[in-house]
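A.B. asks: Chains as they are written, first to last, in my numbering: chain A, 1 to 477; chain B, 1 to 399. Idealized CB from N, CA, C, for every residue including glycine.
1. So, for residue 269 of chain B: in the same chain, excluding its five sequence neighbours on each side, which residues have a beta-carbon less than 8 Å away from its beta-carbon?
2. Residue 318 of chain B to residue 154 of chain B, Cα distance in whole Å?
3. Using 8 Å as the threshold, is the C-beta distance between residue 281 of chain A and residue 245 of chain A below it?
4. In angstroms, rounded to a whole number, what distance separates the CA positions of residue 298 of chain B and residue 190 of chain B?
5. Using only the heavy atoms of the ligand GDP, determine whether one of them is closer than 7 Å to the beta carbon of residue 180 of chain A.
6. Taking C-alpha atoms, which residue in B/379, B/348, B/341 lies nearest to residue 368 of chain B?
7. Is the number of C-beta pairs between the region 155-171 of chain B and the region 186-201 of chain B that are closer than 8 Å three or more?
8. Based on DSSP bridge pairs, tell me the residues matched to residue 219 of chain B.
9. In chain B, which residues lie with their C-beta within 8 Å of the C-beta of residue 174 of chain A?
10. With the cut-off set at 8 Å, would you say residue 86 of chain A and residue 129 of chain A are in Cβ contact?
11. Output needed for residue 325 of chain B: all residues of its chain with C-beta closer than 6 Å, excluding positions within five of it in sequence on either side, in chain order.
12. If we cut at 8 Å on Cβ distances, does residue 448 of chain A have a partner in chain B?
13. What would DSSP say about residue 131 of chain B, mapped onto helix, strand or coil?
14. Entirely within the region 260-313 of chain A and at least 3 residues each: give me those beta strand (DSSP E) ranges in chain order.
15. CA-CA distance, residue 474 of chain A and residue 358 of chain B?
16. Any C-beta of chain A within less than 8 Å: which residues of the region 141-165 of chain B qualify?
17. If you follow the alpha helix (DSSP H) that residue 405 of chain B is in, where does it begin and where does it stop?
18. Quick check on residue 273 of chain B: does DSSP put it in helix, strand or coil?
19. Looking at the strands, I want to know which residues DSSP matches up with residue 479 of chain A.
20. May I ask which residues mark the beginning and end of the alpha helix (DSSP H) holding residue 304 of chain B?
21. Counting contacts by CB-CB distance shorter than 8 Å, is residue 359 of chain A in contact with chain B?
22. What residues of chain B sit near residue 428 of chain A, judged by a beta carbon separation below 7 Å?
23. Hey, how far is the Cα of residue 345 of chain A from the Cα of residue 323 of chain A?
24. Starting from the C-beta of residue 9 of chain B, find all residues in its chain whose C-beta is less than 8 Å away, skip the five residues before and the five after it, and write them out in chain order.
25. Secondary structure at residue 448 of chain A, three-state DSSP: helix, strand or coil?
26. Please identify the residue among B/63, B/47, B/53 whose C-alpha is closest to the C-alpha of residue 78 of chain B.
27. Would residue 359 of chain A and residue 198 of chain A qualify as a contact pair, given that the criterion is a beta-carbon distance under 8 Å?
28. State the Cα-Cα distance for the pair residue 147 of chain A and residue 114 of chain A, rounded to the nearest angstrom.
29. May I ask you to report which of helix, strand or coil DSSP gives residue 423 of chain A?
30. Near residue 92 of chain B, which residues of its chain fall below 8 Å by C-beta distance, leaving aside the five closest residues on each side in sequence?
31. Under 7 Å, CB to CB, which of the residues in the region 102-117 of chain A have a partner in chain B?
32. If I measure Cβ to Cβ from residue 185 of chain A and keep anything under 8 Å in the same chain, skipping five residues before and after, which residues do I get?
33. Applying a beta-carbon distance threshold of less than 9 Å, which residues of chain A neighbour residue 274 of chain B?
34. Using a Cβ cut-off of 8 Å (strictly closer), state whether residue 116 of chain B contacts chain A.
35. Note down, in chain order, all residues in the region 191-208 of chain B with a beta-carbon under 8 Å from any beta-carbon belonging to chain A.
36. Considering only their Cβ atoms, is the gap separating residue 259 of chain B from residue 134 of chain B smaller than 8 Å?
Right, here's the structure in full:
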């Protein structure tokens with residue numbers, strides 16, 4: 001009985017390769033055997049998903065039916081979904097798949113050639129159809145061309161949002177710049193309409209481009225998650241993810257029942273995770289952020305598999321000061337102490353502790369909204385951020401947020417004025433021991449932003465102190 | 001009118017008063033009717049034997065024959081001395097009229113018995129000031145109540161309040177903060193008057209605060225252990241706040257509320273009432289502004305309170321909340337630094353955002369931050385969110 005079976009734990013889309021491959025082979029004017037075929041996907045214990053194996057299965061059948069010589073496919077990788085007409089189509093997760101194929105040439109769909117070429121330079125070959133691949137391998141047609149990375153297209157970048165459009169908000173803009181330069185997590189507390197989202201969305205524009213390693217890592221994750229990859233093949237800008245507070249723990253952290261998919265924190269790895277209305281996220285979801293924040297990776301375990309995914313993101317949180325959003329000095333908040341304490345408690349101590357920068361954002365003065373006084377542009381601030389990042393890199397750090405407490409004395413020495421201010425603040429009980437260390441770390445970034453690697457001065461400490469405000473006014477002892 | 005004065009209160013009298021306070025449904029007014037100038041001991045025995053209430057006095061409204069019978073059978077079931085022991089075992093002092101430390105000597109409506117958790121000796125120590133107000137207060141109100149509590153305690157004044165959410169809690173918290181820092185004996189302490197039993201802290205949110213108040217000063221109630229806060233107990237409790245205080249301060253109040261009941265009780269006792277003026281658009285200040293219009297004394301800074309108490313400023317000046325001598329950080333001096341002067345001038349309105357400070361003072365963000373953080377390190381200002389609050393120079397000791 002002629003036919004074809006796929007074994008080795010294929011999922012539905014993979015099993016349907018039976019019909020796709022047969023139609024593709026026939027429409028490519030090649031012959032289909034009249035015997036029964038068994039395709040074994042090995043290792044058989046691992047679940048196979050998706051249509052990415054279509055091309056490899058087709059080439060295997062062409063070899064066993066002696067239409068192609070075995071030598072012609074030796075050491076060759078092949079990725080791509082086949083259409084019924086024999087065309088080669090794009091596959092989700094191609095960058096990660098191509099990365100997993102052993103060294104050697106790999107055939108990929110033409111539309112994804114540039115992405116694969118970026119991670120496997122000189123080895124990616126692109127093709128448009130099964131017939132084209134067959135002709136090249138059998139020597140009947142032209143050999144396949146090496147895929148090349150497209151030049152970086154500036155249009156692929158996130159639209160550079162202009163920081164100069166943010167009116168007023170001197171303190172908040174400064175906090176954003178320091179966050180960008182030092183990689184410090186930033187919490188913004190303020191009523192609706194104060195401009196928290198506007199500020200947060202401008203952070204990516206301040207960050208420098210990803211380097212090649214980061215770029216490949218980010219592109220792999222986005223490819224696996226089926227996110228759009230730019231035509232140049234690589235994501236070069238830090239990602240900015242802003243999941244809604246309705247997002248489930250799995251959507252945020254990653255997971256899933258059939259296949260483990262990266263969550264928002266992995267998609268934000270190398271970039272920014274912005275949680276707007278942080279007080280509205282379920283507490284369990286927020287608490288799940290603590291381990292990835294600590295380790296820079298997320299471990300997801302399921303019954304059938306477990307995975308470790310990158311999660312080195314910069315966390316930007318925004319929330320209201322209380323449920324009614326009006327708790328500011330001089331304003332009439334309608335919430336009682338219990339409601340406010342309960343709201344503030346949604347951010348547990350350990351999670352709040354992760355935020356080196358905590359500011360209150362107030363709606364700007366209406367006069368400033370109309371006024372035309374020029375503010376610093378994204379370009380000017382981004383240049384300072386770049387300088388500061390270079391200084392941090394010279395210390396062997398990716399950014400200052402990673403500065404270890406034991407290195408503080410060596411890498412962030414204090415001037416006598418700075419020491420005196422810090423001690424006076426500590427004596428007054430306004431700062432904890434851990435707080436002192438984090439203030440020094442932030443102050444390091446403040447000094448770096450001025451373009452020098454000198455000791456921490458009093459102004460830097462004062463700025464860092466002001467940016468570590470108690471964001472919630474809750475009565476208690 | 002007032003409870004019969006007993007030279008040395010007997011154990012039986014004390015036991016009877018404690019037992020009477022345990023009878024459900026008998027509040028201060030009904031108890032007065034039951035006792036009718038008798039001693040508590042005689043009243044309690046009369047209840048047990050069924051001779052009280054006598055037929056001559058007309059029963060107050062709402063008292064039925066069945067209710068009286070329930071009281072009588074409840075009285076028969078009580079062991080008065082055992083009830084007193086139970087409170088002492090729990091660390092609760094039981095005060096009755098005639099005790100040395102009984103604070104309500106000339107009160108028109110004194111409690112029959114007072115349960116004290118903490119130091120009963122503080123209750124007759126004067127001066128004492130009540131700081132009260134609405135539960136639904138503004139942040140500004142909270143901060144004023146807390147600062148007032150701290151500053152009055154630093155000036156050696158005890159601070160009385162009711163442990164409710166909002167203004168009460170903030171006043172206690174400020175007092176606790178100052179009392180913890182001050183040297184023993186030199187500062188005032190917090191005193192809380194609660195409506196329920198001392199083992200039933202309400203609101204639960206203030207449990208930790210309650211324990212601090214008890215350890216530094218006292219938490220008192222006229223209800224025995226195990227009593228829940230029935231609605232009628234709260235207005236009744238307010239008369240005790242007024243009775244313990246030399247001045248009653250209302251920080252924020254709406255047009256109706258418990259704070260205004262305390263004010264009425266204060267007026268009845270001839271205790272001066274002060275109110276903190278607020279915006280005419282703030283609902284939380286509607287009641288206080290009305291009080292001011294009706295003749296309450298305006299409270300614009302802590303010296304106003306001390307003036308009413310006849311305490312001179314010099315006494316205040318001697319109190320040192322903290323000692324800055326160990327710090328080498330530069331003391332901000334407005335005289336020789338124009339930026340410090342500009343910042344303090346801008347802060348004279350009480351609170352200003354950091355952004356406005358930078359805009360108006362003419363300094364850079366970093367320069368202004370240095371000035372502000374130096375001032376904060378010396379307690380001249382404090383930061384809440386991105387707002388800087390002034391601890392007014394006129395006030396004796398800033399936070």
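C.D. replies: According to the data block:
1. Contacts found: 107, 108, 242, 243.
2. Per-residue confidence for residue 318 of chain B stands at a pLDDT of 36, beneath the threshold of 50, marking its modelled position as unreliable; the derived number appears in the next sentence. Whole-angstrom Cα-Cα distance: 9 Å.
3. At the C-beta level, residue 281 of chain A and residue 245 of chain A come within 8 Å of one another.
4. Answer to the nearest angstrom: the Cα atoms are 23 Å apart.
5. Looking for the ligand GDP in the displayed structure turns up nothing, as the structure carries no ligands at all.
6. The candidate whose alpha carbon is nearest that of residue 368 of chain B is B/341.
7. The region 155-171 of chain B, when compared against the region 186-201 of chain B, does touch it at the 8 Å Cβ threshold.
8. For residue 219 of chain B, the pairing in a beta bridge is given by DSSP as B/117, B/192.
9. The answer, in chain order, is 365.
10. In contact: residue 86 of chain A and residue 129 of chain A (Cβ atoms closer than 8 Å).
11. In this prediction, residue 325 of chain B scores a pLDDT of 40, lower than 50, which makes its location untrustworthy; no coordinate-derived value is stated.
12. With 8 Å as the cut-off, residue 448 of chain A does not count as an interface residue toward chain B.
13. Secondary structure of residue 131 of chain B (DSSP, three-state): strand.
14. List check, beta strand (DSSP E) in window: 272-275, 297-301, 306-310.
15. Low confidence applies to residue 474 of chain A: its pLDDT is 44, below 50, so where it sits in the model is not reliable enough to give any reading.
16. Residues of the region 141-165 of chain B with a C-beta less than 8 Å from any C-beta of chain A: 142, 143, 146, 165, listed in chain order.
17. Residue 405 of chain B lies beyond the stretch modelled for chain B, which goes from 1 to 399, so this question has no answer here.
18. Strand at residue 273 of chain B.
19. In the structure as shown, chain A starts at 1 and stops at 477, and residue 479 of chain A therefore has no counterpart that could be examined.
20. Here the alpha helix (DSSP H) through residue 304 of chain B covers 302-308.
21. True, the Cβ-Cβ gap to chain B drops below 8 Å.
22. Ordered by position in chain B, the residues that pass the 7 Å Cβ test against residue 428 of chain A are 377, 379.
23. Rounded to the nearest angstrom, the two C-alpha atoms are 12 Å apart.
24. Closer than 8 Å at the Cβ level, and outside the excluded window around residue 9 of chain B, lie 96, 97, 98, 99.
25. In the structure shown, residue 448 of chain A sits in a helix (DSSP, three-state: H, G or I).
26. Distances from the alpha-carbon of residue 78 of chain B to those of B/63, B/47, B/53 put B/47 closest.
27. In this structure, residue 359 of chain A lies away from residue 198 of chain A, with their beta-carbon atoms at least 8 Å apart.
28. Looking at the two C-alpha atoms, the distance is approximately 6 Å.
29. Helix.
30. Around residue 92 of chain B, the same chain offers 115, 116, 117, 198, 225 as residues with beta carbons nearer than 8 Å, after the five sequence neighbours per side are excluded.
31. If the cut-off is 7 Å between Cβ atoms, the region 102-117 of chain A has nothing near chain B.
32. Contacts found: 179, 293, 314, 315, 316, 317, 354, 355, 356, 357, 401.
33. Residues of chain A passing the Cβ test: none, with the nearest at roughly 22 Å.
34. No, residue 116 of chain B lies away from the interface with chain A (no Cβ there is under 8 Å from its Cβ).
35. Cβ contacts with chain A come from 203, 205, 208.
36. Remark: C-beta atoms of residue 134 of chain B and residue 259 of chain B approach each other more closely than 8 Å.
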